[in-house]
Every structure is written in structure tokens, then in C-alpha cells.
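So the structure is just underneath, and the comments pick up after that.
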Amino acid sequence: MKSSTALPSKAITLQRLITVVTAVMLTLTVSGFANPAFAEGDSGAEQLRQFVRNSKTAEGEFVQQQLRAPKANEPQDKGLKVVRQTQGRFVFQRPGRFIWETQKPYEQKLIADGKQLILWDKDLNQATFRPSGQALAATPAAILFGETSLDQHFDLVDGEDRLGMKWVALAPKKNPNAKNGIDLPYTKISVGMVNGLPKSLELIDGLGSVVLVTLDKIVLNVNLPATRFTFTPPAGAEVLRLN
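Start counting at 1 in the sequence shown, then tack on 2, and there's your number in my numbering.
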């Protein structure tokens with residue numbers, strides 16, 4: 003097994019993947035199953051609070067799209083354009099463990115085992131390790147994987163109904179005891195709820211770039227083996243360790 007401490011050229015891609023995935027983890031609760039805590043008429047914000055409180059483990063499927071506004075020389079009446087799409091499966095266990103596995107158009111895994119984050123790229127035959135605390139401490143994943151309340155770190159604001167969903171905006175609160183507060187690359191994080199179930203996550207950055215993640219076939223509180231989040235690079239793989 004090769005090993006290196008050099009910063010890989012894909013480090014920026016890794017960081018972007020981390021921020022998208024950890025934000026998505028806020029919504030991974032239950033879909034496709036009735037939620038006994040859900041009452042018709044509950045606001046989207048209250049539904050999200052209930053889901054975060056009640057979800058311990060989950061697994062399911064995702065489709066992730068990167069969108070952009072049409073350029074000046076493109077038709078302006080067709081809305082946002084899909085510039086990249088990936089799909090795959092996920093599994094998570096609170097606190098601090100998840101697997102985000104991209105299956106199409108390429109094979110890649112982002113794994114958090116509670117202590118470290120591992121990006122496995124099959125095409126490159128490369129595994130990148132970094133401490134999870136450093137990468138996750140200032141992200142929504144720290145809220146989902148911890149035992150704290152969403153309201154401790156975010157203001158949940160009910161938005162308009164659109165696309166058949168109740169949308170909830172998550173606005174990071176200012177923490178007077180922290181030097182920089184919660185530092186997120188996205189200016190807006192919104193969750194779309196359908197009949198009490200999370201369906202979509204919308205992330206918008208300061209440049210207007212939009213990431214839309216759609217969740218499907220989610221099973222809540224599944225039994226997971228202790229080795230589910232263990233990853234060992236195959237023999238001959240390149241291993242990079244980031245501090």
C-alpha cells in the first residue's frame with residue numbers, strides 16, 4: 003500500500019463533497035414510512051425537528067444535481083440548467099458515522115467512521131484520509147450526528163410551498179462564544195418536506211450556484227453491523243493522509 007502526506011489535486015473536490023454531504027445529512031430521517039409523531043398541519047420546521055430527534059440510523063438512495071442559471075446566449079425561459087448529476091446510496095448512524103456512495107457516473111465513497119473522513123476513488127485507486135473533527139466541526143453534520151437540538155445552532159424559518167413541498171430555511175445562529183461561529187460555504191440551506199417526509203435539499207452558494215439533492219427509498223432506524231463503517235484500502239492503493 004502506497005502512502006503519502008502530499009496534498010492531492012482533488013482536495014478542493016473533496017472539501018466540496020464533504021460540505022454537500024454533511025449538509026444533506028440534516029434531512030436523512032424517514033421517507034416512505036408513516037411517522038407517528040407527524041400531525042397533519044404541522045409546519046415544515048416542526049416536522050424537521052421531529053425527524054432529527056427521531057432518526058438514529060437510515061439508509062436510502064439519492065440523486066444530486068448541480069444547477070446554474072442560463073447564460074446570456076442560452077434560452078432564458080427554461081429555468082436552471084443541470085450541469086452535473088450523480089446518483090447513489092447512503093447510510094448513516096448517529097453520532098458521527100455515514101457512507102455517501104456515488105455509483106453513477108463514477109464510483110466514489112465518502113466515509114465517516116466517527117474519527118476520520120475517508121474519500122475512496124475507485125478510478126484513481128486512491129484513498130484520502132483526514133480528521134473528521136476538523137472537517138465536520140463547523141458543518142450541519144455536527145448537529146445531525148450530535149445529541150443537540152437544531153434550534154441551538156440554527157433558526158428554522160418556514161418558507162413558501164413550491165413544487166408540492168413545504169420548504170424550511172436553516173439560518174446559522176451567531177455564537178458569541180465562538181471566534182468565527184458556524185462557517186458554511188452556502189448562503190442558503192433549505193429542506194423540502196412532503197406529507198411530513200423530507201424529499202429535497204437545496205443548497206445555494208454566494209455565486210448563485212445551486213445543488214439540489216433528492217432523497218428516495220429511505221428506511222429509518224435499520225440495524226447496522228459494527229463493521230458497517232469500517233474501510234480498509236485495497237492492496238496497492240495510493241493512500242494520502244491530510245492533517
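Glycine residues also receive a C-beta, built at the ideal position from the N, C-alpha and C atoms.
Note that this is a predicted model, so its numbers are computed, not measured.
- Would you mind listing the beta strand (DSSP E) stretches within the region 60-111 that are 3+ residues and don't spill past its ends, in chain order? 83-95, 99-106
- Query: Nearest to L69 by CA position, among V241, P227, P236, L214, is which residue?
  - Reply: Stepping through the sequence shown from its first residue, residue 69 is reached at position 67. When only C-alpha atoms are compared, the closest one is L214.
- Query: Looking only at C-alpha atoms, which of D157, V196, I191 sits nearest to L165?
  - Reply: Position 163 of the sequence shown, counted from the first residue, corresponds to residue 165. Of the candidates D157, V196, I191, the one whose C-alpha sits nearest the C-alpha of L165 is V196.
- Of the residues I206, Q118, K175, L226, which one's Cα is nearest the Cα of L82? As a position in the sequence shown, residue 82 is number 80, starting the count at 1. Closest by alpha carbon: I206.
- Can you pull the DSSP bridge partners for T130? As a position in the sequence shown, residue 130 is number 128, starting the count at 1. For T130, which the question treats as bridged, DSSP gives the partners L121, L242.
- Query: How many whole angstroms separate the CB atoms of N223 and T59, which I take to be in contact at a CB cut-off of 8 Å?
  - Reply: Numbered from 1 along the sequence shown, position 221 holds the residue referred to as residue 223. Numbered from 1 along the sequence shown, position 57 holds the residue referred to as residue 59. Sure, about 6 Å apart at Cβ, within 8 Å.
- As assigned by DSSP and simplified to three states, the class of R164: Your numbering for residue 164 matches position 162 in the sequence shown. Three-state DSSP puts R164 in a strand.
- Does DSSP classify L214 as helix, strand or coil? Your numbering for residue 214 matches position 212 in the sequence shown. L214: strand per DSSP, three-state reduction.
- Task: Go ahead and label L209 buried or exposed: buried means 16 or more other beta carbons lie within 10 angstroms of its beta carbon, across all protein chains shown.
- Result: Taking the sequence shown and counting its residues from 1, one reaches residue 209 at position 207. Label assigned to L209: exposed.
- Looking at the structure shown, is G194 part of a helix, part of a strand, or coil, going by DSSP? The residue labelled residue 194 in the question sits at position 192 within the sequence shown. Note: G194 maps to strand in three-state DSSP.
- Task: Using the Cα positions of V297 and N225, report the straight-line distance between them to the nearest angstrom.
- Result: It is not possible to answer for residue 297, since the shown part of the chain is limited to 3 through 245.
- Is A171 helix, strand or coil when you go by DSSP? Position 169 of the sequence shown, counted from the start, is the residue given in the question as residue 171. Strand at A171.
- Straight-line CA distance for L242 to E204? Sequence index remark: in the sequence shown, residue 242 carries index 240 (1-based). Sequence index remark: in the sequence shown, residue 204 carries index 202 (1-based). Approximately 31 Å, taken between the alpha carbons.
- What do you get for V85, buried or exposed, if any count of 16 or more other CB atoms within 10 angstroms of its CB means buried? As a position in the sequence shown, residue 85 is number 83, starting the count at 1. When all chains shown are included, V85 counts as exposed.
- In three-state terms, what does DSSP make of V54? On the sequence shown, residue 54 is found 52 positions in, with the first residue counted as 1. Helix, per DSSP.
- Could you check the C-alpha separation between F100 and E162 for me, to the nearest Å? Numbered from 1 along the sequence shown, position 98 holds the residue referred to as residue 100. Numbered from 1 along the sequence shown, position 160 holds the residue referred to as residue 162. The straight-line gap from Cα to Cα measures roughly 31 Å.
- Query: Given that a residue counts as buried once 16 or more other Cβ atoms are within 10 Å of its Cβ, and exposed if not, what is Q95?
  - Reply: One-based indexing of the sequence shown puts residue 95 at position 93. Buried.
- Task: Throw me the rounded Cβ distance for the G46 and K168 pair, which I believe falls under 8 Å.
- Result: Here residue 46 is taken as the residue at index 44 of the sequence shown, counted from 1. Here residue 168 is taken as the residue at index 166 of the sequence shown, counted from 1. The pair is a contact, with the Cβ atoms about 4 Å apart (cut-off 8 Å).
- Item | Collapsed DSSP secondary structure at D269 in the structure displayed | There is no way to answer for residue 269, as the model of the chain reaches only from 3 to 245.
- Query: Looking only at DSSP bridge pairs, what is I113 linked to?
  - Reply: For the purposes of this step, residue 113 is identified with residue 111 of the sequence shown, where counting begins at 1. Partner(s): I101, I120.
- Within the same chain, show all residues whose beta-carbon is closer than 7 Å to that of K117, passing over the 5 residues directly before and after it, in chain order. As a first step, residue 117 is located in the sequence shown; it is residue number 115 there, counting from the start. Result list for K117: S134, in chain order.
- Return yes when the Cβ of G62 is within less than 8 Å of the Cβ of L217, no when it is not. Counting from 1 along the sequence shown, the entry for residue 217 is found at position 215. Counting from 1 along the sequence shown, the entry for residue 62 is found at position 60. Contact: yes.
- Task: Report the rounded CA-to-CA distance for A114 versus N245, giving the unit in angstroms.
- Result: Numbered from its first residue, the sequence shown carries residue 114 at position 112. Numbered from its first residue, the sequence shown carries residue 245 at position 243. Distance between the alpha carbons of A114 and N245: 16 Å.
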